[in-house]
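**Q** Here it is: the structure, laid out below.
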Amino acid sequence: MDEHFLFRDRLKGWSNWRHKFDSELTDKEQLDQSVAVMLGSLKDTYTFYRDSDATTARRALDDEKDVVTYKKLADRIGYVRISGFCSKLCTQELKQALSNLKDCQGYILDLQDNNGGCVDIAFESFALFSPQGDFVSMKGTSVVESCPEKWYLEKDMALIESDGDLAKSLRLPNYTGNKPLVVLINENTRSAAEMLAGALQDNGRATLLGRQSFGKGIVQRVWDLPDNTSVKISSAYYYLPLGRAIHGVGVKPDIVIDKEPLLDKASTLIRSKHIAKVGN
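Those letters in the sequence shown? Residues 0 to 279, per numbering that gives the first Met the number 0, in order.
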């Protein structure tokens with residue numbers, strides 16, 4: 000916590016916990032309660048302790064199947080829904096969906112009610128829809144200085160700059176070319192899903208449709224402990240490619256729609272963009 004917790008002003012009394020429970024903890028239940036009380040004192044919704052049951056439940060999401068669903072709509076419009084970015088199967092399922100929709104004239108990506116998940120999985124999804132461009136930058140804290148990161152795509156590479164170091168890897172190919180793309184968001188689109196929607200918007204790759212997103216503009220680190228418990232703490236703010244900080248604000252869609260069926264409007268947009276592209 001001393002080294003990585005984002006909200007430094009809330010750590011002023013943190014050292015007082017160091018010997019608070021000396022000789023008082025006699026069983027695992029008391030330990031769990033004490034750690035939960037310590038982290039709860041920081042008053043951050045996204046910083047908490049997971050007991051064994053909660054940790055096991057979270058790890059089960061890593062193997063969740065069918066997080067990506069898809070179908071072909073009228074006029075060869077491909078519809079793809081991603082329910083979350085926790086499952087390690089997400090990228091493969093998305094690749095399969097886009098491969099099966101490769102003859103479509105445009106795509107609808109549905110991120111409504113997507114609560115986010117792993118940044119690296121959202122970054123891979125960004126690659127499947129994008130030729131290149133910035134994805135996200137992050138600024139966290141350590142004991143002595145800020146620790147910036149920047150994630151972005153070039154034509155053949157995925158790159159992550161972290162505190163002066165540059166990591167390169169072969170990127171996933173863009174499965175959608177430059178075909179029209181509409182992204183659906185709502186007030187329950189959160190975290191990594193907001194990263195993806197915002198990055199596609201800022202890079203001019205997609206039109207966002209729906210309602211303003213939730214506004215979770217911070218990221219967390221997770222420490223897995225030896226007794227099958229874990230600690231999750233807020234560690235950095237993130238910023239969209241054009242520099243927007245969305246924490247507590249959210250991502251605003253290009254076209255705000257509250258009641259009209261979104262699929263109908265999105266399909267109309269894609270058809271019009273496709274016709275304009277063909278005409279040009």
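Heads up, the beta-carbon is just placed ideally off N, CA and C, and yes, glycines get one too.
Taking D133 as the reference, which of G116, L127, Y151 has the closest Cα?
**A** Out of G116, L127, Y151, Y151 has the C-alpha closest to the C-alpha of D133.
**Q** For G197, which residues from the same chain have a beta carbon less than 6 Å from its beta carbon, with the 5 sequence-adjacent residues on both sides left out?
**A** If we look at G197 and ignore the five residues flanking it on each side, its Cβ neighbours are L239, V250.
**Q** I need the DSSP call for N15, collapsed to helix, strand or coil.
**A** In the structure shown, N15 sits in a helix (DSSP, three-state: H, G or I).
**Q** Of the residues R58, N114, G12, which one's Cα is nearest the Cα of T188?
**A** The residue with the shortest Cα to Cα distance from T188 is N114.
**Q** Label K215 either buried or exposed according to how many other C-beta atoms from any shown protein chain fall within 10 Å of its C-beta, with 16 as the threshold for buried.
**A** By the 10 Å Cβ count, K215 comes out buried.
**Q** Which of helix, strand or coil does DSSP assign to D281?
**A** No answer is possible for residue 281: the residues shown for the chain start at 0 and end at 279.
**Q** May I ask you to report which of helix, strand or coil DSSP gives M137?
**A** Residue state, collapsed to three classes: strand.
**Q** What would DSSP say about S86, mapped onto helix, strand or coil?
**A** The answer is coil: DSSP assigns S86 none of H, G, I, E or B.
**Q** Assess contact between the region 77 to 92 and the region 46 to 54, defined as three or more Cβ pairs (one per stretch) separated by less than 8 Å. Is contact present?
**A** These segments do not touch.
**Q** For a quick check, are the C-beta atoms of S212 and E186 less than 8 Å apart?
**A** Yes, the Cβ-Cβ distance between S212 and E186 is below 8 Å.
**Q** I need the DSSP call for F47, collapsed to helix, strand or coil.
**A** Residue state, collapsed to three classes: strand.
**Q** Can you give, in chain order, each stretch of the beta strand (DSSP E) that sits fully within the region 87 to 118 and has at least 3 residues?
**A** DSSP runs (the beta strand (DSSP E)) wholly in the region 87 to 118: 105 to 109.
**Q** Could you give the C-beta distance for I217 and L110, rounded to a whole number, given that I count them as a contact under 8 Å?
**A** Wrong, their Cβ atoms sit about 18 Å apart, outside the cutoff.
**Q** Have a look at I269 and P179 and give me their C-alpha separation to the nearest angstrom.
**A** Looking at the two C-alpha atoms, the distance is approximately 6 Å.
**Q** N202: buried (16+ other C-beta within 10 angstroms of its C-beta) or exposed?
**A** Counting Cβ neighbours within 10 Å, N202 comes out buried, since at least 16 surround it.
**Q** Would you say the region 255 to 268 touches the region 90 to 98, given that touching needs at least three Cβ pairs under 8 Å?
**A** Because the criterion of three Cβ pairs below 8 Å is not met, the region 255 to 268 and the region 90 to 98 do not touch.
**Q** Where R75 and Y69 are concerned, what is the direct C-alpha to C-alpha distance, given to the nearest angstrom?
**A** Answer to the nearest angstrom: the Cα atoms are 13 Å apart.
**Q** Which same chain residues end up closer than 7 Å to S161 when comparing Cβ atoms and leaving out the 5 residues on each side of it in sequence?
**A** Hits under 7 Å: E148.
**Q** Can you tell which of G77, L41, S86 has the C-alpha that lies nearest to the C-alpha of L60?
**A** Checked all of G77, L41, S86; the closest Cα to L60 is S86.
**Q** Could you give the DSSP three-state label for S271: helix, strand or coil?
**A** It is helical.
**Q** Should E23 go down as buried or exposed, given a rule of 16 or more other Cβ atoms within 10 Å for buried?
**A** With fewer than 16 other Cβ atoms within 10 Å, it is exposed.
**Q** Please list, in chain order, all residues of the same chain as K94 whose beta carbon is under 8 Å from its beta carbon, the five residues on each side excluded.
**A** Cβ neighbours of K94 beyond the five flanking positions: L127, L171, Y174.
**Q** With DSSP collapsed to three states, give me the class of D52.
**A** Note: D52 maps to helix in three-state DSSP.
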